[in-house]
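The structure under discussion appears below in the form of structure tokens.
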Amino acid sequence: MNGKLDSEAHDLIAAILRRGGVEAFEISAVSGGVQGYVIDRPMTGGDALAPLLASLGLRTAERNGKISILGDPEATCELSGAAMALPDDGQAIRTDRRLDARAATARVRFIDGARDYQTGSVLVRQSGDGGAIDLDLPAVCGPELAKAAAERALNDDAAVRARVTVGPLEALALEPGDKVTVEGLVGEWCVTGVETAEQAAVTLEPTRGVTGDVDDTVPTPTLGGVVVGAPFFRMIDLPPLPGAEEDGRPLAVVAADPWGFMQVRAGPSPEAMTVRADVEHPASVATLLARLSPGTLHRWDHANALMVRIEGVAPHSQTDTAILAGGNAAVVETAAGWELIQFRRAEFVGNDVWRLSELLRGQQGTEAAMRAGAPAGAAMVFLGDEGQRASAPRAERGLPIIWRAGLAGLSGGPGVAEVEWASVGAHDRPFSPAHLRVRRASDGGRGLNWIARARIGGDNWDVDDPVAPPNFRIRIIHDGVVVRTGDVDGCQANYSAAEMFADFPDGVPTGVIVEIAQWGEGYGWGQAAVGTL
């Protein structure tokens with residue numbers, strides 16, 4: 019009963035009762051039905067049935083030792099004044115009315131079978147000074163049935179309850195669920211209880227009087243009969259992003275046209291996959307039409323521009339302030355990872371082609387990817403509200419995991435994209451130090467100093483210094499060979515003349531470089547700053 023059941027409401031109610039262990043029951047004539055019904059957690063049979071019965075206008079009662087599911091009966095009997103008994107206080111009819119204000123609105127959420135099983139909602143208003151009634155109907159149905167359920171909820175909220183003392187014969191003749199008219203009361207009433215003690219009485223509620231249209235629609239997926247191939251799919255390890263610095267989960271990028279609700283699954287094998295993300299909206303992606311060359315860091319790159327063909331939301335130009343606040347961010351796939359880029363100007367060329375210029379390159383510690391450049395045909399992903407983070411436990415870092423993306427409910431096949439991907443925890447990777455300077459010391463050696471960069475909260479000048487100074491690794495490299503390495507605490511070090519002579523007895527050749535990298539707990543050595551010795 020998971021949303022694709024198309025049967026009579028009678029059969030559905032009977033199935034739920036039997037699943038709850040109830041065998042002694044009777045169900046009166048029931049009109050209408052639903053296309054499916056969801057029971058998503060352990061619950062009692064009464065709790066499982068309550069929303070369904072309320073939507074169909076049914077009541078429960080106990081008759082002859084059985085649970086009875088009752089609609090509004092067609093036959094009506096009359097309780098005349100002669101059939102009533104006069105109690106000691108002299109009033110055969112007592113009515114109870116709620117003192118608080120009646121609800122003004124009722125909102126019902128349901129599973130819309132005509133909209134690819136997405137959540138639908140209807141809102142019904144009436145005169146009143148009270149609040150709102152919110153109901154969740156776990157049924158696959160149309161809006162007409164949900165509207166009828168909302169109207170019944172409003173009627174029940176405002177209903178008057180009555181208690182009528184009757185004679186013993188009338189009490190024996192009536193059963194819960196019977197419909198009666200009462201002399202002295204307006205309208206038709208439903209018997210909800212019968213008392214046969216010392217003073218016989220019946221309790222009554224007004225009949226609901228709401229008849230919804232029969233829900234005979236058939237669930238229609240959004241994609242209809244269109245054959246859909248595998249979506250575009252990438253998993254991306256991201257550095258801390260402005261506005262979401264604490265979120266270290268990877269980004270699941272899924273795009274397709276036509277679009278349907280997608281799920282991302284992952285596991286060590288196809289048999290051990292679990293859902294890692296629900297993707298409701300497609301990502302905006304692009305393809306580079308020309309090579310993107312390396313550029314400058316920490317300043318506007320006016321020499322390079324991105325020529326891309328975009329699928330998704332069109333970009334737009336933004337002001338300097340908006341860019342520095344994190345706007346117009348995108349990542350470009352390179353051989354050295356994903357480069358985080360921001361662009362200030364977006365120009366439409368034609369045929370879905372855009373020119374993105376006035377760039378900020380290698381943002382948030384992605385300068386190594388910037389130096390690698392990106393060839394024509396590389397993928398580009400725009401970062402925005404449509405980005406969906408995926409669950410990736412720290413224990414999976416460095417392990418090749420199978421990741422799949424496809425329409426919800428599909429675990430494999432031609433409509434599912436698959437990649438083998440291992441998270442490296444780029445969110446925890448320390449940034450390269452800034453302002454690395456190499457100066458000649460008095461003894462002929464070299465003095466080194468630099469400034470550590472904060473991954474998170476670096477724009478705040480009032481933060482306290484860390485209790486423990488950061489640890490840095492220093493490497494001296496010539497022709498790709500590491501000739502010396504060492505660690506220091508703090509942001510300065512000395513490469514003495516004696517150490518230089520031991521490493522280069524014939525003098526320091528050209529092309530010797532020094533690399534400084536910061537240690538990060540939970541990651542290791544981060545990106546390195548590079549200087550010439």
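19 is the number of the first residue of the sequence shown in my numbering; add one for each residue after it. All C-beta atoms, glycine included, are put in the ideal place defined by N, C-alpha and C. All values reported here derive from a predicted model rather than from experimental measurement.
- A distance below 6 Å between beta-carbons, with the five flanking residues on each side excluded, links Glu385 to the following residues of its chain, in chain order: Leu315.
- Beyond the five residues adjoining it in sequence on each side, Phe43 comes within less than 8 Å, by CB distance, of Ala32, Leu35, Lys84, Ile85, Ser86, Ile87 in the same chain, given in chain order.
- In this structure, Ala387 places its C-beta atom within 7 Å of the C-beta atom of Thr352.
- When beta bridges are read from the DSSP output, Gln510 appears opposite Asn467.
- Fully enclosed beta strand (DSSP E) runs of no fewer than 3 residues occupy 123-130, 136-143, 150-159 of the region 113-179, in order along the chain.
- With a cutoff of 7 Å on beta-carbon distance, Arg491 and Asp505 are scored as near each other.
- Distances from the alpha-carbon of Asn489 to those of Val126, Trp468, Ala180 put Trp468 closest.
- Contact annotation: Val220 and Val204 have beta-carbon atoms that are not nearer than 7 Å.
- Between Ala394 and Leu358, the alpha-carbon positions lie close to 17 Å from each other.
- Looking at the backbone, the Cα of Gln536 and that of Tyr513 are separated by about 18 Å.
- In this structure, the beta-carbon distance from Leu374 to Phe366 does not fall below 7 Å.
- Assignment of Asp106 by DSSP, reduced to helix, strand and coil, places it in the coil class.
- Taking the Cα of Ala248 as reference, the smallest distance to any Cα among Pro523, Pro432, Gly540 is reached at Pro432.
- Using a Cβ-Cβ distance cut-off of 8 Å, the region 405-415 and the region 339-354 are not in contact, since fewer than three pairs of beta carbons, one from each stretch, lie closer than that value.
- Per DSSP, the continuous beta strand (DSSP E) segment holding Ser86 begins and ends at 84-88.
- In the DSSP annotation of this structure, the continuous segment of the alpha helix (DSSP H) that includes Met518 starts and ends at 515-521.
- Closest option to Glu289, judged by alpha-carbon separation, among Trp421, Leu153, Val126: Trp421.
- Here Met518 is buried. Its C-beta has 16 or more other C-beta atoms within 10 Å.
- Collapsing the DSSP output to three states places Asp296 in a strand.
- Here the region 136-146 does not lie against the region 188-202, with fewer than 3 beta-carbon pairs under 8 Å apart.
- The continuous alpha helix (DSSP H) containing Thr339 extends over residues 338-342.
- Remark: C-beta atoms of Pro69 and Leu155 approach each other more closely than 7 Å.
- In this model, Arg125 and Gly38 are separated by some 29 Å (Cα to Cα).
- Partner residues in the beta bridge of Ala284, as assigned by DSSP, are Thr292, Trp421.
- In this structure, the straight-line span from the alpha carbon of Val456 to that of Pro276 is close to 56 Å.
- Rounded to whole angstroms, the Cβ separation of Ala157 and Ala270 is 30 Å, and the two are not in contact under 8 Å.
- At the C-beta level, Asp134 and Ala444 stay beyond 7 Å of one another.
- Judged by DSSP secondary structure, Ile31 falls within the alpha helix (DSSP H) whose first and last residues are 27-37.
- Taking the CA atoms as reference points, Gly266 sits about 8 Å from Pro257.
- Checking the DSSP bridge columns, you'll see Asp319 partnered with Leu377.
- Linking Ala546 to Asp130 through their CA atoms gives a straight-line distance of about 53 Å.
- Around the C-beta of Ala435, 16 or more other C-beta atoms lie within 10 Å, and the residue is accordingly described as buried.
- DSSP places Gly368 within a strand segment (E or B) once states are collapsed to three.
- The DSSP-derived three-state label of Arg389 is helix.
- The continuous alpha helix (DSSP H) containing Glu188 extends over residues 186-191.
- Between Ile328 and the set Leu163, Trp318, Thr305, Glu539, the nearest pair of CA atoms involves Thr305.
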